[in-house]
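Visitor:
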Amino acid sequence: MMLVLTNILGAPVSASEPNPKVMVLDFQLNDMTGLPNAPEEIKRISFLSSTHKQKLAEHGLEIVPVNELLKAAMKDQSATYLFDNVETAAELAKDSGAEYLLICVALKPTYLFVYPRILLVDIHTKKVVLA
C-alpha cells in the first residue's frame, strides 16, 4: 500500500520540490461483531492508525493535521460516513492546505480479522484516486 501511495502521489523529483500534502484520517472501527467497540479492539485500531501515519511520513508524504470540521464529522457520524460520502469529506477538507485526503475504515465483520478499507481522495476534484 505504501508503495502504491508513493507511486500515485509521486515522490519529489528534487530536494526543492515539496512532498505531497496528505490529511490522513484515523481508522474508524466499523465493528459488526457481537461485542462492538471492545476496548482492546479500540487500542489495536489506534495502533494501526498511528503506525500507518508513521509509515506514510517515512515514505516522504507530508501529513497535514486533521481539521476540526472532519474531527466533528468523525465524532458525530457513523464509522463509514466519510468513506461513503467522499464529496462531503473533500469539502470539509478543502481549506486544510492538504492536496489529498486518506479516509480509513477498519471493517470487522468477524472476531477473526479486521479488513482495512482505504480511499485516497483528491480534495480539489473531490474524486477517489485510489480505492
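Numbered according to numbering that gives the first Met the number 0, the sequence shown spans residues 0 to 130. Ideal placement from N, C-alpha and C gives every residue a C-beta, glycine not left out.
At a cut-off of 8 Å, would you count F26 as near the ligand FMN, judging by its Cβ distance to the nearest heavy atom?
Guide: This structure lacks the ligand FMN; in fact it carries no ligand of any kind.
Visitor: Looking only at its own chain, which residues have a Cβ that is under 6 Å from the Cβ of A56, when we skip the five neighbours before and after it?
Guide: Residue mapping note: residue 56 aligns to position 57 of the sequence shown, counting from 1. So the list reads I62, once near-sequence residues are dropped.
Visitor: Can M22 and N66 be called in contact, C-beta distance under 9 Å?
Guide: Sequence index remark: in the sequence shown, residue 22 carries index 23 (1-based). Sequence index remark: in the sequence shown, residue 66 carries index 67 (1-based). It is a contact, given that the beta carbons lie within the stated cut-off.
Visitor: When the distance is taken between beta carbons, is A105 closer than 9 Å to L69?
Guide: Within the sequence shown, the letter at position 70 stands for residue 69. Within the sequence shown, the letter at position 106 stands for residue 105. Their beta carbons are not under 9 Å apart, which means L69 does not touch A105 by this criterion.
Visitor: Give the single residue among D30, K20 and D25 whose Cα lies nearest to the Cα of Y110.
Guide: Counting from 1 along the sequence shown, the entry for residue 110 is found at position 111. It is D30 whose Cα lies nearest to the Cα of Y110.
Visitor: What is the DSSP secondary structure of E98, reduced to helix, strand or coil?
Guide: On the sequence shown, residue 98 is found 99 positions in, with the first residue counted as 1. In the structure shown, E98 sits in coil (DSSP, three-state: anything other than H, G, I, E or B).
Visitor: With contact counted as at least three CB pairs below 8 Å, one residue from each stretch, are the stretch 82–100 and the stretch 34–43 in contact?
Guide: Touching, no.
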